[in-house]
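Beneath this line is the structure, given in structure tokens, with notes to follow.
There are 2 protein chains.
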Amino acid sequence: MKDKINMLDIANELGISKVSVSKALSDKEGVSEELRVKVKEVAHKLGYRINNSARSLKTDRQFNIGILISEKFIMDKEAYYFYVSGEIIRKLDDYSISGIMEIITETSELNASSPRCYNEKKVDGLIVLGQLQCDYLQMIESLQVPSVFFDFYVKNAKIDSITADNFFSGYSLTNLLVSKGHKKIAYVGSIMATSSIQDRYLGYYKSLIENEISLRKEYVIEDRDDHGRLITLQLPEDLPTAFVCNCDQVAYSLVQELKKAGKKVPDDCSVVGFDNSLYSTLVDPQITTVDHNIDKMVSTAVKVITKKIANPQRTYDRILVPGTIIERFSVKDLRLDQVS
Amino acid sequence: MKDKINMLDIANELGISKVSVSKALSDKEGVSEELRVKVKEVAHKLGYRINNSARSLKTDRQFNIGILISEKFIMDKEAYYFYVSGEIIRKLDDYSISGIMEIITETSELNASSPRCYNEKKVDGLIVLGQLQCDYLQMIESLQVPSVFFDFYVKNAKIDSITADNFFSGYSLTNLLVSKGHKKIAYVGSIMATSSIQDRYLGYYKSLIENEISLRKEYVIEDRDDHGRLITLQLPEDLPTAFVCNCDQVAYSLVQELKKAGKKVPDDCSVVGFDNSLYSTLVDPQITTVDHNIDKMVSTAVKVITKKIANPQRTYDRILVPGTIIERFSVKDLRLDQVS
DNA sequence: CTGAAAGCGCTTACAG
DNA sequence: CTGAAAGCGCTTACAG
Numbered sequence: 006m007k008d009k010i011n012m013l014d015i016a017n018e019l020g021i022s023k024v025s026v027s028k029a030l031s032d033k034e035g036v037s038e039e040l041r042v043k044v045k046e047v048a049h050k051l052g053y054r055i056n057n058s059a060r061s062l063k064t065d066r067q068f069n070i071g072i073l074i075s076e077k078f079i080m081d082k083e084a085y086y087f088y089v090s091g092e093i094i095r096k097l098d099d100y101s102i103s104g105i106m107e108i109i110t111e112t113s114e115l116n117a118s119s120p121r122c123y124n125e126k127k128v129d130g131l132i133v134l135g136q137l138q139c140d141y142l143q144m145i146e147s148l149q150v151p152s153v154f155f156d157f158y159v160k161n162a163k164i165d166s167i168t169a170d171n172f173f174s175g176y177s178l179t180n181l182l183v184s185k186g187h188k189k190i191a192y193v194g195s196i197m198a199t200s201s202i203q204d205r206y207l208g209y210y211k212s213l214i215e216n217e218i219s220l221r222k223e224y225v226i227e228d229r230d231d232h233g234r235l236i237t238l239q240l241p242e243d244l245p246t247a248f249v250c251n252c253d254q255v256a257y258s259l260v261q262e263l264k265k266a267g268k269k270v271p272d273d274c275s276v277v278g279f280d281n282s283l284y285s286t287l288v289d290p291q292i293t294t295v296d297h298n299i300d301k302m303v304s305t306a307v308k309v310i311t312k313k314i315a316n317p318q319r320t321y322d323r324i325l326v327p328g329t330i331i332e333r334f335s336v337k338d339l340r341l342d343q344v345s
Numbered sequence: 006m007k008d009k010i011n012m013l014d015i016a017n018e019l020g021i022s023k024v025s026v027s028k029a030l031s032d033k034e035g036v037s038e039e040l041r042v043k044v045k046e047v048a049h050k051l052g053y054r055i056n057n058s059a060r061s062l063k064t065d066r067q068f069n070i071g072i073l074i075s076e077k078f079i080m081d082k083e084a085y086y087f088y089v090s091g092e093i094i095r096k097l098d099d100y101s102i103s104g105i106m107e108i109i110t111e112t113s114e115l116n117a118s119s120p121r122c123y124n125e126k127k128v129d130g131l132i133v134l135g136q137l138q139c140d141y142l143q144m145i146e147s148l149q150v151p152s153v154f155f156d157f158y159v160k161n162a163k164i165d166s167i168t169a170d171n172f173f174s175g176y177s178l179t180n181l182l183v184s185k186g187h188k189k190i191a192y193v194g195s196i197m198a199t200s201s202i203q204d205r206y207l208g209y210y211k212s213l214i215e216n217e218i219s220l221r222k223e224y225v226i227e228d229r230d231d232h233g234r235l236i237t238l239q240l241p242e243d244l245p246t247a248f249v250c251n252c253d254q255v256a257y258s259l260v261q262e263l264k265k266a267g268k269k270v271p272d273d274c275s276v277v278g279f280d281n282s283l284y285s286t287l288v289d290p291q292i293t294t295v296d297h298n299i300d301k302m303v304s305t306a307v308k309v310i311t312k313k314i315a316n317p318q319r320t321y322d323r324i325l326v327p328g329t330i331i332e333r334f335s336v337k338d339l340r341l342d343q344v345s
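Protein chains in written order, with my numbering: chain F, 6 to 345; chain S, 6 to 345.
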């Protein structure tokens, strides 16, 4: 078998032109169904593989999407965005598109230098996982390929975003606590750190307003420093009966802190989180949390980016994907207390 | 600014030929250092991006590596191979190579169908993460690109592999238990399931032999079924004083089982694992385990694949990367017992 | 040190 | 339905 088979080899084998071979293999019109079948047979027999580079050079389409992740989101071996990338790649495959993952180092993020996969024209579009430095995102906006923000959005950005409906989930989760008789409810999360933390907080606040519970300043607890690194949690003097934590990992830490302080979950304090991650199930008690429906978010993101590649003018703005509350064992029903 | 800048545009701007531009930008000899600098300046000014497809078409090099992961290894959101992929991609960047991740579905694995990134000539080489079906691996061997197996090896395979030194780590870990006075030591893991499980077992066995402890059949405990799915662990009647678990996840399950059976870790039973994963730190007590030095494994894998691309004849065979024991709180020193 | 020419393997617009 | 011709943007071997 010849080492490198190209369309001309197939054409010669059948005594036709390579134009017909091209049309047959790419399912374009202009060849009889009979010939198409024959061409495909011969292609298979000869072990033909299409040369994506040659195709790209003519069509100006790479059939690759860049998936960008900031280094800071993958400090953990179990980082959530790794999983998301995997799901994106799986989904892209439905469109015969490959995913090129690229990790944005701290330096590139600070310098707002454009990703290599873009610099080398390897990709038709970009999916950005998780919020980055403002300047970096502006650079992304200026690039000549369609992009989508995943899991965050930015004011004024002309780039479409797909996010979990954090606001509504925060609202629902807090409502759940209120419905179980809680009134002293704290929020754990640094609300300037990311749009997710902030929106979950605002949902929490909306629930307080609607339920005529006043917001207490000391009940909004910082969980990370200016660089986004997690810090030790400070419990308020007057202990709340419930904590809405901006993510499961922080909920996990909080449970440890409470235990240290001699408090029991959920008997003394209820704790809820977000993300439905490993952290929510590997604690005792397992934590009530919000599942963000990542599958839906991923398939939406992939659909949007492919459509934007086909039609770069089209915009989708902010797409919100609703989450689902997963009730577990970290919330006490205070109304039952009063009965007994 | 013109939309699509190519080498000819740069050449015209400077009144030189595109050949000189090409040589200047790719740091090839044949241009004066003075001109090289000028060319790079103009390229930057015009926002030039090299066209990887055109380059590939001429050079037959794609500057992409395929990273293959079987679906079955990423059932977990926190799957270890996601992290490994990330590290590989980070490392590839040092060589200006991009990583194209591809998830092998159960069907493709069973049918041994070649990966799309290969079928479309998008990659110069392949890194296979984790053991796949025999037929699938034979298919990989037959492909016309260099490949490397990561984290497993196969008898008779002509493909080079990079693995943790599972045998030696199993041996060392068991030695540690023996040195702390343990004699009744069980191994938890289905030894036919993967080469890692088997080699860790053989290391365990070597330690037993050397320490003149006889191997007890009932002390080798199955942890997964024929499809590799984890099953409920059966504790032996005569309880061992220590368990060597083939991975942290199983160690984690074992601790739960032991607790259910009313046994305390490490007071009644010591437990050790492998992998240094989240499972080993999210249990109480935190588990003594083996860190596999993934960084080293990854950088070795990347080095090997790039060298093989440059020189496809060259072979490296089986490369073993030593691990490190991380001592935590799940092992009791029985010798102290006797004293007190 | 510099450049004209050929060609990598496709696809597309056009002609028959 | 079929095919000859042109061209995408590079790199390489060769000539000056």
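All C-beta atoms, glycine included, are put in the ideal place defined by N, C-alpha and C.
- Considering only beta carbons, the part of the stretch 32 to 60 of chain S lying closer than 7 Å to chain F consists of Arg-54, Ile-55, Asn-56, Asn-57, Ser-58 and Ala-59, in chain order.
- With a threshold of 16 other beta carbon atoms within 10 Å, Lys-96 of chain F meets it and is buried.
- Taken atom to atom, the span from the alpha-carbon of Ser-285 of chain F to that of Phe-248 of chain F is near 14 Å.
- Annotation: Lys-127 of chain S to Asn-69 of chain S spans about 7 Å, alpha carbon to alpha carbon.
- Using a Cβ-Cβ cut-off of 9 Å, Gly-328 of chain S is close to nothing in chain F; its nearest Cβ partner there is about 15 Å away.
- Ranked by Cα distance from Leu-213 of chain S, the options S:Gly-194, S:His-187 and S:Leu-235 are led by S:His-187.
- By the Cβ neighbour-count rule, Ala-266 of chain F is exposed, with fewer than 16 other Cβ atoms within 10 Å of its own.
- Of all residues in the stretch 194 to 205 of chain S, none comes within less than 9 Å of chain F when Cβ atoms are compared.
- By the Cβ neighbour-count rule, Asp-65 of chain S is exposed, with fewer than 16 other Cβ atoms within 10 Å of its own.
- In this structure, DSSP gives Ser-166 of chain S an extended state, which the three-state scheme calls strand.
- Excluding residues up to 5 positions away in sequence, Arg-205, Gly-208, Phe-279, Val-295, His-297, Pro-327, Gly-328 and Ile-330 lie with their Cβ nearer than 8 Å to the Cβ of Ser-174 of chain F in the same chain.
- Cβ proximity to chain F below 8 Å picks out nothing from the stretch 204 to 232 of chain S.
- The alpha-carbon separation between Val-183 of chain F and Asp-273 of chain S amounts to approximately 44 Å.
- By the criterion of a C-beta distance shorter than 7 Å, Ala-198 of chain S is surrounded in its chain by Arg-229 and Gly-233, once the five residues flanking it on both sides are discounted.
- The C-alpha of Val-44 of chain S lies about 41 Å from the C-alpha of Val-26 of chain F.
- Proximity of chain F to Asn-124 of chain S at the Cβ level (cut-off 7 Å) is accounted for by Arg-54, in chain order.
- In this structure, the alpha-carbon of Ser-152 of chain F lies about 26 Å from that of Met-12 of chain S.
- Straight-line spacing of the CA atoms in Tyr-257 of chain S and Asn-216 of chain S works out to 27 Å.
- Apart from sequence neighbours up to five positions away, the residues of its chain that approach Val-270 of chain S with a beta-carbon distance below 7 Å are Val-260, Leu-263, Val-276, Pro-290 and Ser-335, ordered along the chain.
- If the five residues before and after Ile-324 of chain F are omitted, its C-beta is found closer than 8 Å to the C-beta atoms of Asp-165, Ser-166, Ile-167, Thr-168, Thr-305 and Val-309, all from its own chain and listed in chain order.
- Proximity of chain F to Tyr-141 of chain S at the Cβ level (cut-off 9 Å) is not reached, the minimal Cβ distance being about 17 Å.
- Taking a Cβ-Cβ threshold of 7 Å, the residues of chain S close to Arg-95 of chain F are Ile-108, in chain order.
- For Phe-155 of chain S, no Cβ of chain F is located within less than 8 Å of the residue's own Cβ.
- In the structure shown, Asp-204 of chain F falls within a helical segment according to DSSP collapsed to helix, strand and coil.
- A Cβ of chain S is located within less than 8 Å of the beta carbon of Ile-79 of chain F.
- Within the same chain, and ignoring the five residues on either side of Ile-10 of chain F in sequence, the residues whose Cβ sits closer than 7 Å to its Cβ are Leu-51, Gly-52 and Tyr-53.
- Bridge partners of Glu-107 of chain S according to DSSP: S:Leu-73.
- Relative to the Cα of Thr-293 of chain S, the nearest Cα in the group S:Ser-282, S:Leu-220, S:Ile-93 and S:Asp-300 belongs to S:Ser-282.
- Judged by beta-carbon spacing, Ile-109 of chain S lies within the 8 Å limit of Leu-137 of chain S, meaning their Cβ atoms are closer than that value.
- Within a 10 Å sphere around the beta-carbon of Cys-139 of chain F sit fewer than 16 other beta-carbons, which makes this residue exposed.
- Under DSSP, Ala-247 of chain F forms a beta bridge with F:Ile-190 and F:Ser-275.
- Between Ala-48 of chain S and Ile-15 of chain S, the alpha-carbon positions lie close to 6 Å from each other.
- For Asp-253 of chain F, the three-state secondary structure derived from DSSP is helix.
- Interface criterion met: the Cβ of Tyr-88 of chain F is under 8 Å from a Cβ in chain S.
- Shown here for Glu-107 of chain F: same chain residues with a beta carbon closer than 8 Å to its own, the five before and five after excluded, namely Gly-71, Ile-72, Leu-73, Ile-74, Pro-120, Arg-121 and Cys-122 in chain order.
- Following the DSSP letters along the chain, one finds Gly-91 of chain S inside the alpha helix (DSSP H) bounded by residues 85 to 98.
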